[in-house]
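Before any comments, here is the structure.
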Amino acid sequence: NGDWTPRSGERCIRMLLEWHPEMDAVFICNDQMALGAMKVARQMGRQIPNDLAVVGFDDIPESPYFSPSLTTMRQDVAEMGRQSVKQLLALLNEEKLESGCVVLQPDLIVRQSSVME
Numbered sequence: 029n030g031d032w033t034p035r036s037g038e039r040c041i042r043m044l045l046e047w048h049p050e051m052d053a054v055f056i057c058n059d060q061m062a063l064g065a066m067k068v069a070r071q072m073g074r075q076i077p078n079d080l081a082v083v084g085f086d087d088i089p090e091s092p093y094f095s096p097s098l099t100t101m102r103q104d105v106a107e108m109g110r111q112s113v114k115q116l117l118a119l120l121n122e123e124k125l126e127s128g129c130v131v132l133q134p135d136l137i138v139r140q141s142s143v144m145e
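The sequence shown: position 1 = 29 (my numbering), numbered continuously.
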């Protein structure tokens, strides 16, 4: 449980590694928390990705510049907006919706934080 900040990533990974020292991979719900998690994991003696693979979500512009660069999931935010507006306009015009749920496939951006050297 975190508040989407690097500090909460630090706090969460510390607890996880203390409770589950055998853990060798973690998926973190956003790249900011992943940044904090990688910092603390290294402080706790983990080598990323050899001891702990780290994957974030969002693909923020800084993700390639983390050390190591962060593997992350990229969501097409523009398409999310288009689909949301399309659904909203259909509701406002009292049209029948094609589907109650729109699923957009994210892209996995593989970088150094999850690939053993």
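All C-beta atoms in this analysis are idealised placements derived from N, C-alpha and C, irrespective of residue type, glycine included.
Residues near residue i by beta carbon distance below 6 Å, same chain, minus five either side
i: Ser141; result: Ile76, Pro77, Val82, Pro96, Leu98 and Thr99
i: Met144; result: Pro77 and Asn78
8 Å Cβ shell around residue i - same chain, five flanking residues per side excluded
i: Leu132; result: Gln103, Asp104, Glu107, Met108 and Gln111
i: Met101; result: Val83, Gly84, Phe85, Asp86, Asp87, Pro134, Asp135, Leu136 and Ile137
Per-residue burial, residue i [other beta carbons within 10 Å of its own, 16 or more giving buried]
i: Cys40; result: buried
i: Leu45; result: buried
i: Ala69; result: buried
i: Gly30; result: buried
i: Glu53; result: Note that residue 53 is Ala in the sequence shown here, rather than Glu. Exposed, by the Cβ-count rule.
Helix, strand or coil at residue i according to DSSP, with G and I counted as helix
i: Val131; result: coil
i: Leu44; result: helix
i: Leu136; result: strand
i: Met51; result: coil
i: Met101; result: strand
Rounded Cβ spacing between residue i and residue j (contact assumed at less than 8 Å)
i: Gly37; j: Gln60; result: 7 Å
i: Pro92; j: Gly64; result: So it is not a contact: roughly 18 Å between Cβ atoms.
Sufficient close CB pairs (3 or more, under 8 Å) joining the stretch 62-80 to the stretch 112-124: no
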